[in-house]
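Taken in sequence, the protein lines are chains P and F. Position one of the first sequence corresponds to residue 1 (the UniProt record's numbering), numbered consecutively onward. Position one of the second sequence corresponds to residue 1 (the UniProt record's numbering), numbered consecutively onward. Yeah, the Cβ is synthetic: ideal placement off N, Cα and C, and Gly gets one too. Given the structure is predicted, the values throughout are model-derived calculations rather than measurements. The structure under discussion appears below in the form of structure tokens.
2 protein chains.
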Amino acid sequence: MTDVARNRRPGPRLEEVARAAGVSRSTVSRVINEEPYVSAKARDAVHQAIGALGYSPNQAARTLAGNRANCIALVVSEQGSRVLSDPFFAGVLRGVHAELAGRRVQLVLMMTQQDDEQDLVGYLAGGHVDGVLMVSLHGQDPLPLKLSEAGVPIVVGGRPLVGDGIRYVDSDNFNGALEAARYLVSTGRRRIASIAGPRDMAVGMDRLNGWRRGMAEAGLATDLVVHADFTPDDGAAAMADLLAREPDLDAVFVAADIMALGALRVLHNKGRRIPDDVAVVGFDDLMIASTALPPLTTVRQDVEQLGRTMTWCLLGQLAGEEGLPPSLLLPTSLVIRSSA
Amino acid sequence: MTDVARNRRPGPRLEEVARAAGVSRSTVSRVINEEPYVSAKARDAVHQAIGALGYSPNQAARTLAGNRANCIALVVSEQGSRVLSDPFFAGVLRGVHAELAGRRVQLVLMMTQQDDEQDLVGYLAGGHVDGVLMVSLHGQDPLPLKLSEAGVPIVVGGRPLVGDGIRYVDSDNFNGALEAARYLVSTGRRRIASIAGPRDMAVGMDRLNGWRRGMAEAGLATDLVVHADFTPDDGAAAMADLLAREPDLDAVFVAADIMALGALRVLHNKGRRIPDDVAVVGFDDLMIASTALPPLTTVRQDVEQLGRTMTWCLLGQLAGEEGLPPSLLLPTSLVIRSSA
DNA sequence: TCGCCACCTGGGAGCGCTCCCAGACTCGCA
DNA sequence: TGCGAGTCTGGGAGCGCTCCCAGGTGGCGA
Numbered sequence: 001m002t003d004v005a006r007n008r009r010p011g012p013r014l015e016e017v018a019r020a021a022g023v024s025r026s027t028v029s030r031v032i033n034e035e036p037y038v039s040a041k042a043r044d045a046v047h048q049a050i051g052a053l054g055y056s057p058n059q060a061a062r063t064l065a066g067n068r069a070n071c072i073a074l075v076v077s078e079q080g081s082r083v084l085s086d087p088f089f090a091g092v093l094r095g096v097h098a099e100l101a102g103r104r105v106q107l108v109l110m111m112t113q114q115d116d117e118q119d120l121v122g123y124l125a126g127g128h129v130d131g132v133l134m135v136s137l138h139g140q141d142p143l144p145l146k147l148s149e150a151g152v153p154i155v156v157g158g159r160p161l162v163g164d165g166i167r168y169v170d171s172d173n174f175n176g177a178l179e180a181a182r183y184l185v186s187t188g189r190r191r192i193a194s195i196a197g198p199r200d201m202a203v204g205m206d207r208l209n210g211w212r213r214g215m216a217e218a219g220l221a222t223d224l225v226v227h228a229d230f231t232p233d234d235g236a237a238a239m240a241d242l243l244a245r246e247p248d249l250d251a252v253f254v255a256a257d258i259m260a261l262g263a264l265r266v267l268h269n270k271g272r273r274i275p276d277d278v279a280v281v282g283f284d285d286l287m288i289a290s291t292a293l294p295p296l297t298t299v300r301q302d303v304e305q306l307g308r309t310m311t312w313c314l315l316g317q318l319a320g321e322e323g324l325p326p327s328l329l330l331p332t333s334l335v336i337r338s339s340a
Numbered sequence: 001m002t003d004v005a006r007n008r009r010p011g012p013r014l015e016e017v018a019r020a021a022g023v024s025r026s027t028v029s030r031v032i033n034e035e036p037y038v039s040a041k042a043r044d045a046v047h048q049a050i051g052a053l054g055y056s057p058n059q060a061a062r063t064l065a066g067n068r069a070n071c072i073a074l075v076v077s078e079q080g081s082r083v084l085s086d087p088f089f090a091g092v093l094r095g096v097h098a099e100l101a102g103r104r105v106q107l108v109l110m111m112t113q114q115d116d117e118q119d120l121v122g123y124l125a126g127g128h129v130d131g132v133l134m135v136s137l138h139g140q141d142p143l144p145l146k147l148s149e150a151g152v153p154i155v156v157g158g159r160p161l162v163g164d165g166i167r168y169v170d171s172d173n174f175n176g177a178l179e180a181a182r183y184l185v186s187t188g189r190r191r192i193a194s195i196a197g198p199r200d201m202a203v204g205m206d207r208l209n210g211w212r213r214g215m216a217e218a219g220l221a222t223d224l225v226v227h228a229d230f231t232p233d234d235g236a237a238a239m240a241d242l243l244a245r246e247p248d249l250d251a252v253f254v255a256a257d258i259m260a261l262g263a264l265r266v267l268h269n270k271g272r273r274i275p276d277d278v279a280v281v282g283f284d285d286l287m288i289a290s291t292a293l294p295p296l297t298t299v300r301q302d303v304e305q306l307g308r309t310m311t312w313c314l315l316g317q318l319a320g321e322e323g324l325p326p327s328l329l330l331p332t333s334l335v336i337r338s339s340a
């Protein structure tokens, strides 16, 4: 017998558990799936057999037979190199994981490249996952819409700019920015600028609009706006721009801590004292906000809660729950430190 | 017929592709799996049918029949709240993904809690994944060893402190720290301290030992060492400690940028000019290193490359390649900025 | 001409589960 | 006493693939 059997998975099968427990396969299956109509005696016997044999059900077989993947995908849209190092993403991931803990749902991580999008839609719509969580940083990504149209349950983190019926969860960027603006006004600032995010991101526009609203309430001008990417260097360049245009500005609302870092550097280099000459308020409350020099006053958004909520929404949808909200905004809060 | 059929997965089956292409199931399967012994004509017909029907193979069925999961797990050991926000983890993830791109291998993310470790071993050893990548920050985690003993192919990121035969990939922390130490010596520093990482992490000890070696080479003392956790606050506390013990220290090697951030703050507050009075060298080269004030001289480790290499090792092992190294150290490089 | 081997193809079996149906047994109420 | 509803159990079918084997073709050397 040199003809060794094919390399088979180790461990017992459901059949063997059934034999050991003295019941049928069906009963074991019912116990595993926590279905009703199993006697306490049978249940105990099965649990004991499972323990004794170290049985772990074969997911592939369950998926195939049960027509359910027990698995959701977290899709990160945009070139991954940027996204994955984003603390935003890490926070969401943390929340997703926390919400998934204890449930028998696996998390599969996927990333889109621009060229394989059709493949991805095929894969996701092909029933390999039960639902999709998507972190879409650039709001006009067509993927959520396509998936939604293909009938794949999906929840997006961050408001998508296209696709009306798509369920999303986002921080309340508008009101967060509004609060920041009101705070700056309340501390007596009058020439208030803003470094805004990119125009093609909902998060950028929402924060800009919140700030604008706050300015309008106070009867202040909204001309001092520069759009920038969410990087320290872009924030620095934007700050330099603003100072060139308006050397006397006395406050700046920066739509992301990461940009604020660059802005602080430029202000420091140009000899502005913070907050005496220029007050700076950021957004996000990343760890770097509290360790910045000076510690950054910023609008806190709870990205972990965002991830949890997204997951909760998706699982609810999968469970067929009624009355789930079409979308959700999570509250933000102003964290006052030294920079404003 | 109110008795609607069970909610079946959408999309065509392999069988239908076969019919459309005018070949057998076997041939379609061979085309999909890129096996030899298929005529060009058949291959083209199949490809065309796949395209026309929008066929996407059922992973569960492939796994079940093929006895291969087409899926690897990335296991994050340690309480996830900490780890996921770590840029180290993000970098590894990026590398793993980059290396996986184009291959038909899914990535499943799992996290260990201390209490469910046995479940996790059962799951991972139960054949639901082909192999395991593990980011083990605390080196004495028993999980890699258990998995290895259970016959699960595993590659660990970061040298594990227990389990000799376990394949791992790590940055060359020792030589990176050594280079930092030599650099400080070469710039004329003589009273050089170190803020080291925790004692129970290999990365902490390796960097400490590299620094010690550098000190020893120059005949300098190695008494100025404080162990701290990898956080800015711990770094700050450690720096304060060191200054209290030795007000005249003229350099400090901090075993992580994240701690260096806190150290810089303390030095600044105590009126030390950097690098004039005290030179600071970090480790990691996170983004915050270049945006710190002053920009931080640091030892760069390429965590993305770490992730890639781990994945490459695991895939090689799965493919049955011979002669894979038992473990690998990736080079580091000193990035000189303003702080030293 | 005959073999043999490389190339190519199709069909049967079966991976380990879940679903469904049929049936047994126990109640409680008419 | 009977009967239906509620409770519990077992076995057959089949999810959609891959593997294996049997077999058919064509080319080339003996």
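Item, Value
"Candidates Y123/F, L53/F, R182/F and M110/F, of which the one nearest A216/F by Cα", "R182/F"
"Alpha-carbon to alpha-carbon, G163/P and D276/P", "45 Å"
"Helix, strand or coil at T298/P [DSSP, three-state]", "strand"
"Which of helix, strand or coil DSSP assigns to V38/F", "coil"
"Segments of 3+ residues assigned as beta strand (DSSP E) that fall wholly inside the stretch 230 to 312 of chain F", "251 to 254, 279 to 284 and 297 to 300"
"Rounded C-alpha distance that separates L324/F from Q140/F", "24 Å"
"Contact between the stretch 179 to 197 of chain F and the stretch 301 to 321 of chain F (3+ Cβ pairs under 8 Å)", "no"
"Between the CA atoms of A251/F and V156/P - distance to the nearest angstrom", "48 Å"
"Residues near A98/P by beta carbon distance below 8 Å, same chain, minus five either side", "E304, G307 and R308"
"Residues of its chain near A136/P, where Cβ-Cβ distance is below 8 Å and the 5 sequence neighbours each way are ignored", "With the sequence shown as reference, residue 136/P is identified as Ser, and Ala is not the correct amino acid for it. Cβ within range, chain order: S77, E78, L143, P144, V156, G157, G158 and P160."
"Helix, strand or coil at L334/P according to DSSP, with G and I counted as helix", "strand"
"Beta strand (DSSP E) segment containing D170/F, residue limits", "Y168 to S171"
"Any C-beta of chain P under 7 Å from that of G307/F", "no"
"Within-7 Å CB hit, S56/P to chain F", "yes"
"Short CB-CB distance (under 7 Å) between L296/F and chain P", "no"
"Interface flag, P232/F vs chain P, CB-CB below 7 Å", "yes"
"Residue nearest to D206/P in terms of C-alpha spacing, selected from E35/P, A255/P and R62/P", "A255/P"
"Other residues of its chain near L53/P: CB distance less than 7 Å, five sequence neighbours each side excluded", "P12, E16, V17 and A20"
"Beta-carbon contacts of F88/P that lie in its chain and below 6 Å, excluding the five residues immediately before and after", "V303"
"Burial state of I154/F, where buried means 16 or more other Cβ atoms lie within 10 Å", "buried"
"Backbone secondary structure at L74/P - three-state DSSP", "strand"
"Limits of the unbroken alpha helix (DSSP H) element including G214/P", "A202 to A218"
"Beta-carbon spacing of N75/P, V132/P below 7 Å", "Asn is not the amino acid found at residue 75/P; the sequence shown has Val there. Yes; because the gap between Cβ atoms is below 7 Å, this pair is in contact."
"Under 9 Å (Cβ pairs) to chain F, residues found in the stretch 243 to 271 of chain P", "I258, L261, G262, L264, R265 and H268"
"Within chain P, the residues that H128/F reaches when beta carbons sit closer than 7 Å", "Q59"
"Backbone CA spacing between V129/P and M201/P [nearest angstrom]", "27 Å"
"Distance, A65/F Cα to E34/F Cα", "17 Å"
"Rounded straight-line distance, which links the Cα of L107/F to that of A244/P", "48 Å"
"Proximity to D233/F [Cα-Cα], best of P247/F, L120/F, D284/F and L264/F", "L264/F"
"Closer than 7 Å to chain P by CB, M215/F", "no"
"Test item: CB-CB of G235/F and G262/F under 7 Å", "yes"
"Cα-Cα separation between R6/P and N67/F, rounded to whole angstroms", "Annotation note: pLDDT 39 at R6/P (below 50); position unreliable, coordinate value reported separately. If you take the alpha carbons of R6/P and N67/F, they lie about 9 Å apart."
"Residue environment, S148/P, which counts as buried when at least 16 other CB atoms sit within 10 Å", "buried"
"Local conformation of G102/P per DSSP, three classes", "coil"
"As assigned by DSSP and simplified to three states, the class of A90/F", "helix"
"Any C-beta of chain F under 7 Å from that of Q106/P", "yes"
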